[in-house]
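Data block below; observations after.
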Amino acid sequence: MAEPLPHLMAGKLLRGLRLATLAIAATTLFGFALPLLVANPQTYSSLARQVLAFAILTVVVVVAGVRILRDEPLGRPRRVLVAAVVVAAALATTGIPAADLMSEEEWSYGVIGWFGLLLLVDRSVVGAAVFLGAYTVASFTQLALVGQRHETDDLVVVTVVMLGCELPVLAGAVALRGLVAASAAATADAERVRTAEAIAEHLHADRRSRCADLTATAMPLLADLARGSANLGDERVRGAYAVAAARLRRLFAEHDEAADPLLHELRACLDPAERNGVAIYIGTCGAWPTPPLAVRRALTDPALRVTARATSQARVTVLGSTAGVTVSVLADVGADELAGTDPSGGAAGHDDVAVNRLVDGSRVWVEATWRPRG
1 MAEPLPHLMA
11 GKLLRGLRLA
21 TLAIAATTLF
31 GFALPLLVAN
41 PQTYSSLARQ
51 VLAFAILTVV
61 VVVAGVRILR
71 DEPLGRPRRV
81 LVAAVVVAAA
91 LATTGIPAAD
101 LMSEEEWSYG
111 VIGWFGLLLL
121 VDRSVVGAAV
131 FLGAYTVASF
141 TQLALVGQRH
151 ETDDLVVVTV
161 VMLGCELPVL
171 AGAVALRGLV
181 AASAAATADA
191 ERVRTAEAIA
201 EHLHADRRSR
211 CADLTATAMP
221 LLADLARGSA
231 NLGDERVRGA
241 YAVAAARLRR
251 LFAEHDEAAD
261 PLLHELRACL
271 DPAERNGVAI
281 YIGTCGAWPT
291 PPLAVRRALT
301 DPALRVTARA
311 TSQARVTVLG
321 STAGVTVSVL
331 ADVGADELAG
341 TDPSGGAAGH
351 DDVAVNRLVD
361 GSRVWVEATW
371 RPRG
């Protein structure tokens, strides 16, 4: 299923923000810092520190750039890269004389903040803000420790300019994260609606199918009963009504939530016979996978037909395993009712359910077995 347009747009905007931050970080490093470093090597008290700091930042921008261009998260290297940026900042600011910290040659102050955004803005806006705040505090602290407090005003001006460029990026990240959250919520809502519609459609189709089953079986019997043409003195007619009643009970049971739908629906099938005085024993052994609805009907229908016509007692056994399940019934049936126990006589058959039947005088044994395919 395709992602909704708002979610796609939010993802593209977040990627655009990462690319923009990468471009700014790379531009400030190579377009701003590198010319200053090359043009003023004599200014630095330790040119080696400056070169090492620049090299570290170059590695950071390359590693982060590869991940961003591939549209991949930084992942585990993120912490290492952040630590590397902090080390580079320390090297750059300690490799220049204290008197030149606020000079043009001190190139790192305009670069480090962008690297913090590059590494953290996609992960945590709060984390990026904390990084900028900590770096700003560290810069003011260093200026005071090296005896350059008189240049604090200059640092304030530079800080305002830098944060004025960096904080809008954070604000944009906050807005984009809100958009992503809203689009994710909209996606979840749309998915819930689609799921509810699919379930409703499935239930509607299932109800129509059950209604069709009732129309084909129970409705003719009810029509005969309403017209008074049903001969209730005939055992076979009474058996047909008993079967229809049991199937109706099973239909109601199919709507219930049950731990074992097969046993639940089987008991519903047997209930009308018990109400008519038939002694029914149910035995179970083993555990089995839940069969589909059509299979459950095919498994319970033979037992339903036999017990609905039983005269005194019936024994129902359910045996199961991971390989399948078998429902069998042994019952006493009147001579006129033996034909009604034939599983081929209108039972709810299924290709995956095998049914066997044996008759010994007035005793009938029927077995239905289901083996899942595959």
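Counting from 1, one number per residue, gives the positions in the sequence shown under full-length UniProt numbering. Beta carbons are placed, not taken as given, at the ideal position from N, Cα and C, and that holds for glycine. Quick caveat, the model's predicted, so the values are computed rather than measured.
Per DSSP, the beta bridge partners of Gly320 are Val325. Selection His255, Arg78, Gly65, Arg249 evaluated against Asp206 yields His255 as nearest (Cα-Cα). Here the alpha carbons of Val111 and Ala185 stand approximately 37 Å from one another. For Arg177, the closest C-alpha among the options Ala368, Leu13, Arg363 is that of Leu13. DSSP, reduced to helix, strand and coil, places Trp370 within a strand of the structure shown. One Cα belongs to Val359, the other to Thr195, and the distance between them is close to 49 Å. Annotation: Ala99 to Leu52 spans about 21 Å, alpha carbon to alpha carbon. Cβ atoms of Leu19 and Ala64 stay farther apart than 8 Å, at about 11 Å.
In this structure, DSSP gives Arg70 a state outside helix and strand, which the three-state scheme calls coil.
Excluding the 5 residues flanking it on each side, Val146 has same chain C-beta neighbours closer than 6 Å at Ala98, in chain order. Bounds of any alpha helix (DSSP H) do not take in Val359; it lies within the beta strand (DSSP E) bounded by 353-360. Distance from the CA atom of Asp189 to the CA atom of Leu179, rounded to whole angstroms, is 15 Å. In the same chain as Asn276, and ignoring 5 residues on each side of it, the C-beta atoms closer than 8 Å to its own belong to Ala242, in chain order. In this chain, the beta strand (DSSP E) harbouring Gly283 covers 279-285. By the CB criterion at 8 Å, Gly324 and Arg371 fall inside the cutoff. For the 8 Å CB-CB criterion, Ile68 and Leu22 form a contact. In terms of CA proximity to Ala48, Ala88 leads the group Ala294, Ala88, Thr27, Ala26. Per the DSSP secondary-structure output, Leu330 pairs in a beta bridge with Arg315, Trp365. One thing to note: Ala128 has its Cβ within 8 Å of the Cβ of Leu170.
Per DSSP, the beta-bridge partners of Ala310 are Val333.
In this structure, the beta-carbon distance from Thr300 to Gly334 does not fall below 8 Å.
For Trp114, the uninterrupted alpha helix (DSSP H) run begins and ends at 109-120, by DSSP.
For Ser209, the secondary structure class from DSSP, reduced to helix, strand or coil, is helix. Taking the CA atoms as reference points, Gln42 sits about 17 Å from Ser108. Val125 and Leu167 have their C-alpha atoms roughly 10 Å apart.
Under the three-state reduction of DSSP output, Met102 falls in the coil class, being neither helix nor strand. Ala25 and Thr187 have their C-alpha atoms spaced approximately 34 Å apart. Sixteen is the threshold: since fewer than 16 other Cβ atoms of the shown chains lie within 10 Å of the Cβ of Ala212, the residue is exposed. For Leu29, there is no enclosing alpha helix (DSSP H), since its DSSP letter is neither H nor E.
The alpha carbon of Gly133 has as its nearest neighbour, out of Ala354, Met162, Cys269, the alpha carbon of Met162.
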